[in-house]
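Residues -7 to 330 in my numbering are what the sequence shown lists, from first letter to last. All C-beta atoms, glycine included, are put in the ideal place defined by N, C-alpha and C. Shown next, in structure tokens, is the structure this report addresses.
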Amino acid sequence: VAGLSQSFQVITVLGEGGYGCVYKVKHKYDGRIYAVKKVDLTEEADSEVKALARLDHQNIVRYITCWPDSESCTSNQDRNQVSKTSGSSSGGVTFDRAGCEENNDDDDEEDDDDDDDVSDDVTSGMESLGVTADSRTYLFIQMEFCEGGTLTEWIRARNRTNKQRTTVEIHKIFYEIVSGVEYIHSNKLIHRDLKPDNILFGTDGKVKIGDFGLVAAQTNHSGGPIERSKRRGTLQYMSPEQENKRNYDEKTDIFPLGLIWFEMLWKVSTGMERAELWQDLRNQMFPEGFCDSYPTENKFIKKMLSFTPEDRPHAKDIKEKLEKFFSLDQNLLSQKTV
Ligand code: ATP
Ligand code: MG
Ligand code: MG
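Here you go:
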């Protein structure tokens, strides 16, 4: 018995991206709603799940557990650790089976062979999820379900209704985003794919940063710079150096934060107009009226959009500025966002 259907009832598909698929599911035994992301079992999946498992913060999507597609967490034959060698380029990836209740502690490496050959063990239950009996191996990542939707939806709803959100609400949300990013950076990681699609709202209305599919270490093991492989992430929000250079640090995450803050404050229409405005914005040029409406914000955003990464503030600096200039503090943050 494999995959998702043994323990979960799939309610709906929440999102389909280039790298995975996210399902809204109900756990058959604990009765609660979760999000489960199915990703190709690659090195990226390995990084994603390891980062998520390590990060524990109120503004980061909460991780529950993960498992490869042929194994079931509730199986009596579960092992503590499953070593996988996927058929593709990724090589061996080892996953700790954290969260499994019925582990068999008698781990025996020589015993692993047959059960780990996932391509032989795909059942019809998996086929309903689009997993066919080919050689692809997937990883399921179970996490908290963020019922408040994405920041993209928040921005769209605001633009559609023309409803004026108060800057207090915007700054509160943005403060939470920056708090999550500060925490990621303090863990020596870079998110690399910050954009409204990857920023979610939890049950309590709190910001939850998700999608760690492109997460990377800030430095190599000896603390030196990392030669990055290839261009990654969404071009629209990507920093100039992430687009062009093989060498960049956590300041690459600050650039999209500037764009996101702007987009929350200012209605950006779609189509040609947006393309032009966006290009200007990436060159630190704001539309008419913006600087008058937001005299303090525009200066911060401009710094965040600096072409030179060193000129951008750290997440910690932005947080402090928000506290100082907009009197944002922990009391305000404990209030519910509507
Ligand atoms: P991309 O192609 O943008 O990189 P992805 O395939 O890597 O996306 P995610 O960004 O993690 O996958 O998730 C895709 C979408 O699914 C999100 O944009 C969001 O709409 C939804 N989603 C993801 N995780 C959750 C969650 N925990 N709760 C609710 N919805 C979620
Ligand atoms: Mg995404
Ligand atoms: Mg992704």
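Inset, instruction - Identify, in the order they occur along the chain, each residue of the same chain with its Cβ nearer than 7 angstroms to the Cβ of H19, setting aside the five sequence neighbours on each side. - result: For the purposes of this step, residue 19 is taken as residue 27 along the sequence shown, with counting starting at 1. The answer, listed in chain order, is S(-1), F0, Y26.
Inset, instruction - Please work out which residues of its chain come closer than 6 angstroms, Cβ to Cβ, to N190, disregarding the five sequence neighbours upstream and downstream, and give them in chain order. - result: Taking the sequence shown and counting its residues from 1, the one referred to as residue 190 is at position 198. If we look at N190 and ignore the five residues flanking it on each side, its Cβ neighbours are G202, D203.
Inset, instruction - Report the residue ranges of all alpha helix (DSSP H) runs contained in full by the region 121 to 171; include only those spanning at least 4 residues, in chain order. - result: 143 to 153
Inset, instruction - Return the first residue and the last residue of the beta strand (DSSP E) that W258 is part of. - result: Sequence index remark: in the sequence shown, residue 258 carries index 266 (1-based). Per DSSP, W258 is not a residue of any beta strand (DSSP E), being assigned neither H nor E.
Legend entry - Run of the beta strand (DSSP E) containing Q(-2), from where it starts to where it stops: The residue labelled residue -2 in the question sits at position 6 within the sequence shown. Where Q(-2) is concerned, there is no enclosing beta strand (DSSP E), given that its DSSP letter is neither H nor E.
Inset, instruction - Check each candidate in Y167, P279, S261 and name the one with the smallest Cα separation from L249. - result: Sequence index remark: in the sequence shown, residue 249 carries index 257 (1-based). It is Y167 whose Cα lies nearest to the Cα of L249.
Inset, instruction - Could you tell me which residues DSSP pairs with D32 in its beta bridges? - result: Position 40 of the sequence shown, counted from the start, is the residue given in the question as residue 32. Bridge partners of D32: Y130.
Legend entry - Coil, strand or helix - T57 by DSSP: The residue labelled residue 57 in the question sits at position 65 within the sequence shown. Looking at T57 - three-state DSSP - the assignment turns out to be strand.
Inset, instruction - Give a single yes or no on whether N190 has its beta carbon closer than 8 angstroms to a heavy atom of ligand 1. - result: As a working note, residue 190 is residue 198 in the sequence shown. Checking every heavy atom of ligand 1 against the Cβ of N190, one is found closer than 8 angstroms.
Inset, instruction - From the DSSP output, in three-state form, read off H177 for me. - result: Locating residue 177 in the sequence shown gives position 185, counting from the first residue. Secondary structure at H177: helix, using DSSP grouped into helix, strand and coil.
Legend entry - Alpha-carbon to alpha-carbon, F254 and N95: To locate residue 95, count along the sequence shown from 1; it is residue 103. To locate residue 254, count along the sequence shown from 1; it is residue 262. Note that N95 scores a pLDDT of 37, beneath 50, so its modelled location is shaky; the value from the coordinates is reported in the next line. Per the coordinates, the alpha-carbon of N95 lies some 49 angstroms from the alpha-carbon of F254.
Inset, instruction - Flag this pair as yes or no: are the beta carbons of R304 and I246 separated by less than 9 angstroms? - result: Here the question's residue 304 lines up with position 312 in the sequence shown. Here the question's residue 246 lines up with position 254 in the sequence shown. Yes, the Cβ-Cβ distance between R304 and I246 is below 9 angstroms.
Legend entry - Alpha carbon of E346 to alpha carbon of L297, nearest angstrom: Since the first residue shown for the chain is -7 and the last is 330, residue 346 is missing from the structure and cannot be characterised.
Legend entry - First and last residue of the uninterrupted beta strand (DSSP E) at L227: Taking the sequence shown and counting its residues from 1, one reaches residue 227 at position 235. It is not in any beta strand (DSSP E) - L227 carries neither H nor E in the DSSP assignment.
Inset, instruction - Pull up the distance between the alpha-carbon of M376 and that of R24, whole angstroms please. - result: Nothing about residue 376 can be reported from this structure: the residues present for the chain run from -7 to 330 only.
Legend entry - Chain-order list of residues whose beta-carbon lies under 8 angstroms from that of F193 (same chain, five-residue window excluded): Along the sequence shown, read from residue 1 onward, the residue named residue 193 stands at position 201. Here the set comprises C138, E139, G140, G141, T142, L143, W146, V199, K200, T329.
Inset, instruction - Compare the C-alpha of G216 against each of M230, E233, S231, Y240 and name the closest. - result: Against the sequence shown, residue 216 aligns to sequence position 224. Per the Cα distances, Y240.
Inset, instruction - Ignore the nearest five residues each way along the sequence and tell me which others in K180's own chain have a CB closer than 6 angstroms to its CB. - result: Here residue 180 is taken as the residue at index 188 of the sequence shown, counted from 1. Once the five neighbours on either side are set aside, the close Cβ partners of K180 are Q210.
Inset, instruction - Determine the direct distance from the alpha carbon of V28 to that of R54, and round the result to whole angstroms. - result: As a position in the sequence shown, residue 54 is number 62, starting the count at 1. As a position in the sequence shown, residue 28 is number 36, starting the count at 1. Roughly 12 angstroms between the two C-alpha positions.
Inset, instruction - Inspect the beta-carbon positions of N51 and G172 and report whether they are closer than 9 angstroms. - result: Position 59 of the sequence shown, counted from the start, is the residue given in the question as residue 51. Position 180 of the sequence shown, counted from the start, is the residue given in the question as residue 172. N51 is a Cβ neighbour of G172, given a cutoff of 9 angstroms.
Inset, instruction - Give a yes or no on whether the C-beta atoms belonging to T159 and L257 are separated by under 9 angstroms. - result: Numbered from 1 along the sequence shown, position 167 holds the residue referred to as residue 159. Numbered from 1 along the sequence shown, position 265 holds the residue referred to as residue 257. Yes, these two residues count as a Cβ contact at 9 angstroms.
Inset, instruction - Measure from the alpha carbon of L151 to the alpha carbon of each residue in W59, T262, E235, then state which is nearest. - result: As a first step, residue 151 is located in the sequence shown; it is residue number 159 there, counting from the start. A small fix is needed here, since residue 151 is Asn in this sequence, not Leu. With distances taken between Cα atoms, N151 lies closest to T262.
Inset, instruction - Measure the Cβ-Cβ separation of R128 and D32 and say whether it is below 9 angstroms. - result: Mapped onto the sequence shown, residue 128 falls at position 136. Mapped onto the sequence shown, residue 32 falls at position 40. Contact flag set, yes.
Inset, instruction - To the nearest angstrom, report how far apart V123 and T226 are at their CA atoms. - result: Counting from one through the sequence shown, the residue named residue 123 turns up at place 131. Counting from one through the sequence shown, the residue named residue 226 turns up at place 234. Because the pLDDT of V123 is 42, which lies under 50, any placement of that residue in the model is unreliable, and the question is left without a value.
Legend entry - DSSP beta-bridge partners of G12: Position 20 of the sequence shown, counted from the start, is the residue given in the question as residue 12. BP columns for G12 point to V31.
Legend entry - 6 angstroms Cβ shell around V41 - same chain, five flanking residues per side excluded: On the sequence shown, position 49 is the one that residue 41 refers to. Excluding positions up to five away in sequence, the list reads C58, I133.
Inset, instruction - Examine ligand 2 and report whether any of its heavy atoms sits within less than 8 angstroms of the Cβ of G205. - result: As a position in the sequence shown, residue 205 is number 213, starting the count at 1. Because some heavy atom of ligand 2 lies under 8 angstroms away, the Cβ of G205 counts as near it: yes.
Inset, instruction - Label A307 either buried or exposed according to how many other C-beta atoms from any shown protein chain fall within 10 Å of its C-beta, with 16 as the threshold for buried. - result: Mapped onto the sequence shown, residue 307 falls at position 315. Buried: at least 16 other Cβ atoms inside 10 Å.
Inset, instruction - Tell me where the alpha helix (DSSP H) around I310 begins and ends. - result: By 1-based counting over the sequence shown, the position of residue 310 is 318. First-last of the alpha helix (DSSP H) with I310: 307 to 318.
Legend entry - Span of the beta strand (DSSP E) around I201: Position 209 of the sequence shown, counted from the start, is the residue given in the question as residue 201. Its beta strand (DSSP E) spans residues 199 to 201.
Inset, instruction - List the residues that DSSP assigns as beta-bridge partners of Y240. - result: Here residue 240 refers to the residue found at position 248 when the sequence shown is read from its first residue. For Y240, DSSP records no beta bridge to any residue.
Legend entry - With 16 other Cβ atoms within 10 Å as the buried cut-off, status of Q234: Locating residue 234 in the sequence shown gives position 242, where the first residue counts as 1. Buried.
Inset, instruction - Specify the secondary structure class of L6 as computed by DSSP and reduced to three states. - result: As a working note, residue 6 is residue 14 in the sequence shown. DSSP, reduced to helix, strand and coil, places L6 within a strand of the structure shown.
Inset, instruction - Please state whether DSSP places V207 in a helix, a strand or coil. - result: Walking along the sequence shown from the start, residue 207 turns up at place 215. The answer is coil: DSSP assigns V207 none of H, G, I, E or B.
Legend entry - Three-state class that DSSP yields for I246 in the structure shown: Numbered from its first residue, the sequence shown carries residue 246 at position 254. It is helical.
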